[in-house]
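Before any comments, here is the structure.
Protein chains: 2
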Amino acid sequence: MSLKEIFYPKTIAIIGASDNPQKFGYEVTKNIITNKDDNLTVFPIHPSSEEVLGLKVNKSVLDVADDIDLAIILVGQRYVIPVVKECAQKKVKGLIIVTAGFSEINEEGRKLEEEIKTIANEAGISIIGPNCVGIINMDHSLNASFIETPLKGSIAMIAQSGSFGAACFYTLSDQNIGISKFANLGNMIDINYSDLLPFYRDDENINSIGLYIEAVKKGREFYETLKEITPKKPVVILKGGRTEQGTKSALSHTGSLSSGFNAFKAAATQAGALMANTIGQLTSGLKALSMMPPAKGDRVAVITNAGGVGVILSDELFDYDITLNDFSEEIQVKLKEGLNPLVKPTNPVDTIASAREKEYYHATKTLLEANEVDIVIAECVIPTFLEMKSDEHIKGAINAWNDTGRKKPLLLCWMSGHLVEKPIELCGQENVPIFLEIENVAFACHSLVHRWKVTNKLK
Amino acid sequence: MSLKEIFYPKTIAIIGASDNPQKFGYEVTKNIITNKDDNLTVFPIHPSSEEVLGLKVNKSVLDVADDIDLAIILVGQRYVIPVVKECAQKKVKGLIIVTAGFSEINEEGRKLEEEIKTIANEAGISIIGPNCVGIINMDHSLNASFIETPLKGSIAMIAQSGSFGAACFYTLSDQNIGISKFANLGNMIDINYSDLLPFYRDDENINSIGLYIEAVKKGREFYETLKEITPKKPVVILKGGRTEQGTKSALSHTGSLSSGFNAFKAAATQAGALMANTIGQLTSGLKALSMMPPAKGDRVAVITNAGGVGVILSDELFDYDITLNDFSEEIQVKLKEGLNPLVKPTNPVDTIASAREKEYYHATKTLLEANEVDIVIAECVIPTFLEMKSDEHIKGAINAWNDTGRKKPLLLCWMSGHLVEKPIELCGQENVPIFLEIENVAFACHSLVHRWKVTNKLK
Numbered sequence: 120m121s122l123k124e125i126f127y128p129k130t131i132a133i134i135g136a137s138d139n140p141q142k143f144g145y146e147v148t149k150n151i152i153t154n155k156d157d158n159l160t161v162f163p164i165h166p167s168s169e170e171v172l173g174l175k176v177n178k179s180v181l182d183v184a185d186d187i188d189l190a191i192i193l194v195g196q197r198y199v200i201p202v203v204k205e206c207a208q209k210k211v212k213g214l215i216i217v218t219a220g221f222s223e224i225n226e227e228g229r230k231l232e233e234e235i236k237t238i239a240n241e242a243g244i245s246i247i248g249p250n251c252v253g254i255i256n257m258d259h260s261l262n263a264s265f266i267e268t269p270l271k272g273s274i275a276m277i278a279q280s281g282s283f284g285a286a287c288f289y290t291l292s293d294q295n296i297g298i299s300k301f302a303n304l305g306n307m308i309d310i311n312y313s314d315l316l317p318f319y320r321d322d323e324n325i326n327s328i329g330l331y332i333e334a335v336k337k338g339r340e341f342y343e344t345l346k347e348i349t350p351k352k353p354v355v356i357l358k359g360g361r362t363e364q365g366t367k368s369a370l371s372h373t374g375s376l377s378s379g380f381n382a383f384k385a386a387a388t389q390a391g392a393l394m395a396n397t398i399g400q401l402t403s404g405l406k407a408l409s410m411m412p413p414a415k416g417d418r419v420a421v422i423t424n425a426g427g428v429g430v431i432l433s434d435e436l437f438d439y440d441i442t443l444n445d446f447s448e449e450i451q452v453k454l455k456e457g458l459n460p461l462v463k464p465t466n467p468v469d470t471i472a473s474a475r476e477k478e479y480y481h482a483t484k485t486l487l488e489a490n491e492v493d494i495v496i497a498e499c500v501i502p503t504f505l506e507m508k509s510d511e512h513i514k515g516a517i518n519a520w521n522d523t524g525r526k527k528p529l530l531l532c533w534m535s536g537h538l539v540e541k542p543i544e545l546c547g548q549e550n551v552p553i554f555l556e557i558e559n560v561a562f563a564c565h566s567l568v569h570r571w572k573v574t575n576k577l578k
Numbered sequence: 120m121s122l123k124e125i126f127y128p129k130t131i132a133i134i135g136a137s138d139n140p141q142k143f144g145y146e147v148t149k150n151i152i153t154n155k156d157d158n159l160t161v162f163p164i165h166p167s168s169e170e171v172l173g174l175k176v177n178k179s180v181l182d183v184a185d186d187i188d189l190a191i192i193l194v195g196q197r198y199v200i201p202v203v204k205e206c207a208q209k210k211v212k213g214l215i216i217v218t219a220g221f222s223e224i225n226e227e228g229r230k231l232e233e234e235i236k237t238i239a240n241e242a243g244i245s246i247i248g249p250n251c252v253g254i255i256n257m258d259h260s261l262n263a264s265f266i267e268t269p270l271k272g273s274i275a276m277i278a279q280s281g282s283f284g285a286a287c288f289y290t291l292s293d294q295n296i297g298i299s300k301f302a303n304l305g306n307m308i309d310i311n312y313s314d315l316l317p318f319y320r321d322d323e324n325i326n327s328i329g330l331y332i333e334a335v336k337k338g339r340e341f342y343e344t345l346k347e348i349t350p351k352k353p354v355v356i357l358k359g360g361r362t363e364q365g366t367k368s369a370l371s372h373t374g375s376l377s378s379g380f381n382a383f384k385a386a387a388t389q390a391g392a393l394m395a396n397t398i399g400q401l402t403s404g405l406k407a408l409s410m411m412p413p414a415k416g417d418r419v420a421v422i423t424n425a426g427g428v429g430v431i432l433s434d435e436l437f438d439y440d441i442t443l444n445d446f447s448e449e450i451q452v453k454l455k456e457g458l459n460p461l462v463k464p465t466n467p468v469d470t471i472a473s474a475r476e477k478e479y480y481h482a483t484k485t486l487l488e489a490n491e492v493d494i495v496i497a498e499c500v501i502p503t504f505l506e507m508k509s510d511e512h513i514k515g516a517i518n519a520w521n522d523t524g525r526k527k528p529l530l531l532c533w534m535s536g537h538l539v540e541k542p543i544e545l546c547g548q549e550n551v552p553i554f555l556e557i558e559n560v561a562f563a564c565h566s567l568v569h570r571w572k573v574t575n576k577l578k
């Protein structure tokens, strides 16, 4: 497997590079050139163009004098095999085949895939795709895909659907959260989840790994790999095709028959991975796991300024078997010292609508410092009254986290439409994840508790 | 019940009005004055101020010459009873008691509530609260609360938590969606869900009703009322305190013991209401039910430009027993006529990443016109390539809806962080709801199918 050459190439050939913005060959070339640094040399390949985006074009990879680490194929379906043959002759190390129209379409396409695989195998070339958007490695300033460049961060993803990755990044970017590596595997004729997972495990830029899976081709191998990865890095999985109906849609999408969900879920859970049901859960779990210190237990304390959202969060946490214990006498007394006399020091502690930065600082600090608490969740419906600033409560909570040395996880759930703009900005500056929905902060908390259990072999 | 006088007052007394922006008495006065039209006269009441926000202040309601329809009480807890007595003497029709510190705090507070209730009862005064943020009636330009003014629309809500309402409105406003009426009932010593529901049913500005409930005091009465409302208007309910833990939090929040969830859910469902689990589901159900024509069946067709999100939606719909039937030969042929040759006319139909406005228009129109389809869901992960505009796909879908006379429900699920700005703007102009998460558009679809079943007595 030439994963190092694929994710950290020194030379790339873009076969099917184009100057026409209406072509994917333009978009990939633009993404690579715009983001790349001096560690990467790019060779656009096209049979008739002279120049693409200011770079000289070769007619074939065989005309390039340098060695080629990675070739990205964007030519029409019927030209793919001749081009792969040239890559084999050139001794290219890795291939990304973006071109679609193979096994996801019909039996003839499946046969073409077989042929490609044979040629590449014989030449020792590893392949990602076909039918994919490409890969991204923000640690190498590489966007070898036709989707938008995300921010740089410590989350890695592998997805069978490219647009799925895009949908995740858009949302993460909006919250100032970035990714380390992304790979869209498409029809997976060669490189699959089990190949990529150990590579991600050994990459020190990666803190948490997310998988979107429709079908796993070699179930046993996947299970064994996963079991070997999870003690080192957390893995969160969203499985497309949980149901009979989803399975049918997946078959039409990637041409792969999705495996039975219950068996998959049981095996993945047994192997120490965490299952997510929605994109929001997946990204929320990854955010918490990549940006928070590990939890040292499952004792959770909740702060809110609004009773209703505290009640809903209590319900959501209970669904994950997370219990909100009553606070000790000592902590109750400490809490009350800095809060409105009307406040009851229960868990969740409802600091009531008049609470501001000072009260959020006090409650967050008290609970982060309490020996009886392992994880603090602060919720806030941003008030529009009493001249409060939209980011004052979150400032209070983050300052308390900073002042206590960021030792315990602090999960922030801020609800308030456009008013959340400034809190998001502050979280970006302070490198703290923010959650905007109760069900997603609950899942993030579940992820941290699950991780504590897995690393302590409690489950 | 003086609900008409409370929601459509001609005269309001604000008892505890203030010029100090650090007080709720300022915020409520400002919200009322800023929004009101000429149909409403406002009387600020304060024992020592001369003028509040440019209005002359009376020392007591008894000093006001005019009749008072509605009095809002914002004074300190210990002044509430004397003030209520004056309101009784003045023959005020309705009261909103914003002041907190009653049964949600302790037994003494509960006794004060009893006393208030007795005084008001004898004088024939209806009460909302205490411990509430107030009410909003956008059809009377009335924001008699200390939370931000929402946009005007056709959704009505009743919530035991005021901030819960705020959290919903913020999100709805961001999507250019408004509300008709909102009431935060607080400790519910008088007016409760069963009183307000018939009033909402008879209000022609209201298309759908959302309830956030922690505890229902008279279960049987609530059930009977609900059963009587749902044939006329759809009701979606989010119950805080689904679990033992949530119930405990709710007790601390409003001082009301939340009823057993399973019994509540069974009764509410039997009465024709729809249960939601999250704020996103609640608002999504209300959006679809208030802004879409009713579905005439449960046959759903899905359009996407991205296989993965199509698979996930298939799963989510299946969870609600919504089946995506294969299209007839005729519809398959029609679909293919306007789509890329690589597209398979399955359901979901994946128009693939290269699809643009033209393809979305074609697929949406074909499916809206098909006799075999009752509801169309269009999903889109906004492409950032091939020079596509961020709102071209949604334009295609909405134009198809307009050109087919808006006869069938069309649910739009657009995924793409900041890129969704223009689509949201267009949806606001065209008065179409937009959904940003797959799980929420699935719930919206479930709401429409549920409504079809309820109105056709199929369930």
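Protein chains in written order, with my numbering: chain A, 120 to 578; chain B, 120 to 578. Beta carbons are placed, not taken as given, at the ideal position from N, Cα and C, and that holds for glycine.
*Give the residues of chain B in contact with residue 265 of chain A, contact being defined as C-beta atoms less than 7 Å apart.*
Position 146 of the first sequence holds residue 265 of chain A. The answer, in chain order, is 504.
_Euclidean distance between Cα positions of residue 381 of chain A and residue 435 of chain B_ = Within the first sequence, the letter at position 262 stands for residue 381 of chain A. Within the second sequence, the letter at position 316 stands for residue 435 of chain B. Those two C-alpha atoms are separated by around 16 Å.
*How is residue 331 of chain A classed by DSSP in three states: helix, strand or coil?*
As a working mapping, residue 331 of chain A is identified with position 212 in the first sequence. Strand, per DSSP.
*Can you tell which of A:447, A:241, A:127, A:165 has its C-alpha closest to the C-alpha of residue 491 of chain A?*
Position 372 of the first sequence holds residue 491 of chain A. Nearest C-alpha to residue 491 of chain A: A:447.
*Taking the CB atoms as reference points, tell me whether residue 430 of chain A and residue 369 of chain B lie closer together than 7 Å.*
In the first sequence, the residue the question calls residue 430 of chain A occupies position 311. In the second sequence, the residue the question calls residue 369 of chain B occupies position 250. Yes; because the gap between Cβ atoms is below 7 Å, this pair is in contact.
*Return the residues of the segment 193 to 218 of chain A that lie within a Cβ-Cβ distance of less than 8 Å from chain B, sorted by chain order.*
none
_Counting only Cβ-Cβ distances shorter than 8 Å, please list the residues of the segment 360 to 374 of chain B near chain A, keeping chain order._
360, 361, 362, 363, 364, 365, 367, 368, 369, 371, 372, 373
_Cut-off 7 Å between Cβ atoms - residues of its own chain near residue 340 of chain A, not counting five sequence neighbours on either side_ = Taking the first residue of the first sequence as position 1, residue 340 of chain A is located at position 221. Correct list, in chain order: 313.
_Between which two residues does the alpha helix (DSSP H) holding residue 282 of chain A run?_
Stepping through the first sequence from its first residue, residue 282 of chain A is reached at position 163. Taken as a continuous stretch (DSSP letters only), the alpha helix (DSSP H) holding residue 282 of chain A covers 281 to 293.
_residue 273 of chain B - containing beta strand (DSSP E), residue span_ = Here residue 273 of chain B corresponds to residue number 154 of the second sequence, with the count starting at 1. Element bounds for residue 273 of chain B: 271 to 278.
*Member of A:354, A:209, A:225, A:293 whose CA lies at the smallest distance from the CA of residue 243 of chain A*: As a working mapping, residue 243 of chain A is identified with position 124 in the first sequence. If we check each option's Cα against that of residue 243 of chain A, A:209 comes out closest.
*asked:* Let me confirm a value: residue 452 of chain A is counted as buried when at least 16 other C-beta atoms fall within 10 Å, else exposed. Which label applies?
replied: Walking along the first sequence from the start, residue 452 of chain A turns up at place 333. Exposed, by the Cβ-count rule.
*Members of the segment 418 to 439 of chain B near chain A, C-beta cut-off 9 Å*: 421, 423, 424, 425, 426, 427, 428, 429, 430, 431, 432, 433, 434, 435, 436, 437, 438
_Between the CA atoms of residue 183 of chain A and residue 555 of chain B - distance to the nearest angstrom_ = Position 436 of the second sequence, counting from 1, holds the residue named residue 555 of chain B. Position 64 of the first sequence, counting from 1, holds the residue named residue 183 of chain A. Roughly 46 Å separates the two Cα atoms.
*What are the residues that DSSP puts in a beta bridge with residue 262 of chain B?*
Position 143 of the second sequence, counted from the first residue, corresponds to residue 262 of chain B. B:255.
*Interfacial residues, the segment 217 to 244 of chain B to chain A, with Cβ spacing under 9 Å*: 219, 220, 223, 224
*Quick one: does residue 509 of chain A have its CB under 7 Å from some CB of chain B?*
Position 390 of the first sequence holds residue 509 of chain A. Not closer than 7 Å to any Cβ of chain B, the Cβ of residue 509 of chain A fails to qualify, so no.
*Curious, which full-length beta strand (DSSP E) runs of at least 3 residues does the segment 443 to 491 of chain A contain?*
none
*Which of the three DSSP states, helix, strand or coil, is assigned to residue 393 of chain B?*
Within the second sequence, the letter at position 274 stands for residue 393 of chain B. Of the three classes helix, strand and coil, the one that applies to residue 393 of chain B here is strand, per DSSP.
_Backbone CA spacing between residue 219 of chain B and residue 483 of chain B [nearest angstrom]_ = Here residue 219 of chain B refers to the residue found at position 100 when the second sequence is read from its first residue. Here residue 483 of chain B refers to the residue found at position 364 when the second sequence is read from its first residue. Their backbone Cα atoms lie some 52 Å apart in a straight line.
_Where the alpha helix (DSSP H) containing residue 423 of chain A begins and where it ends_ = Position 304 of the first sequence, counted from the first residue, corresponds to residue 423 of chain A. Note, residue 423 of chain A: premise wrong, no alpha helix (DSSP H); beta strand (DSSP E) at 419 to 423.
*Own chain residues within Cβ distance below 7 Å of residue 476 of chain B, not counting five before or after*: Here residue 476 of chain B refers to the residue found at position 357 when the second sequence is read from its first residue. Around residue 476 of chain B: 511, 512, 514, 515.
*Rounded to a whole number of angstroms, what is the C-alpha to C-alpha distance between residue 357 of chain B and residue 384 of chain B?*
The sequence position of residue 357 of chain B within the second sequence is 238, counting from 1. The sequence position of residue 384 of chain B within the second sequence is 265, counting from 1. Those two C-alpha atoms are separated by around 10 Å.
*Please confirm if the segment 542 to 553 of chain A is in contact with the segment 220 to 240 of chain B, defined as three or more CB-CB distances below 8 Å between the two stretches.*
no
*Who pairs with residue 132 of chain A in a beta bridge, going by DSSP?*
Residue numbering aside, residue 132 of chain A sits at position 13 when the first sequence is read from its first letter. DSSP, once it has assigned bridges, lists A:162, A:190 as partnering residue 132 of chain A.
_I want to verify the contact list: residues of chain A whose CB lies under 9 Å from the CB of residue 446 of chain B, in sequence order._
Position 327 of the second sequence, counting from 1, holds the residue named residue 446 of chain B. Near residue 446 of chain B there are no residues of chain A at all, since even the closest Cβ is about 12 Å away, more than 9 Å.
*Give the residues from the segment 529 to 552 of chain A that approach chain B closer than 7 Å (Cβ to any Cβ), ordered along the chain.*
534, 535, 536, 537, 538
*Under 9 Å from the C-beta of residue 397 of chain A: neighbouring residues of chain B*: The count along the first sequence starts at 1 and reaches residue 397 of chain A at position 278. 431, 435, 556, 557, 558, listed in chain order.
*Where residue 121 of chain A falls: helix, strand or coil (DSSP)*: Position 2 of the first sequence holds residue 121 of chain A. Note: residue 121 of chain A maps to coil in three-state DSSP.
*Would you please state the rounded distance, in angstroms, between the beta carbons of residue 531 of chain B and residue 489 of chain B? I believe it to be under 8 Å.*
Counting from 1 along the second sequence, the entry for residue 531 of chain B is found at position 412. Counting from 1 along the second sequence, the entry for residue 489 of chain B is found at position 370. No, residue 531 of chain B and residue 489 of chain B are not in contact; Cβ-Cβ is about 18 Å, not under 8 Å.
*By the criterion of Cβ-Cβ separation under 7 Å, what are the contact partners of residue 461 of chain A in chain B?*
For the purposes of this step, residue 461 of chain A is identified with residue 342 of the first sequence, where counting begins at 1. Near residue 461 of chain A (Cβ distances below 7 Å), the residues of chain B are 219, 220, 224.
_For the beta strand (DSSP E) containing residue 303 of chain A, name the first residue and the last one._
The sequence position of residue 303 of chain A within the first sequence is 184, counting from 1. Unbroken beta strand (DSSP E) run through residue 303 of chain A: 298 to 303.
*Identify every residue that forms a DSSP beta bridge with residue 499 of chain B.*
Taking the second sequence and counting its residues from 1, one reaches residue 499 of chain B at position 380. B:533, per the DSSP bridge assignment.
*Exposure label - residue 537 of chain B; buried when at least 16 CB within 10 Å*: Here residue 537 of chain B corresponds to residue number 418 of the second sequence, with the count starting at 1. Per the 10 Å Cβ criterion, exposed.
*When you compare each of A:522, A:400, A:478 to residue 564 of chain A by their alpha carbons, which one comes out closest?*
Within the first sequence, numbered from 1, the residue matching residue 564 of chain A stands at position 445. Comparing Cα positions, the closest option is A:400.
_Delimiting residues of the alpha helix (DSSP H) encompassing residue 149 of chain B_ = Counted from its first residue, the second sequence places residue 149 of chain B at position 30. Element bounds for residue 149 of chain B: 143 to 154.
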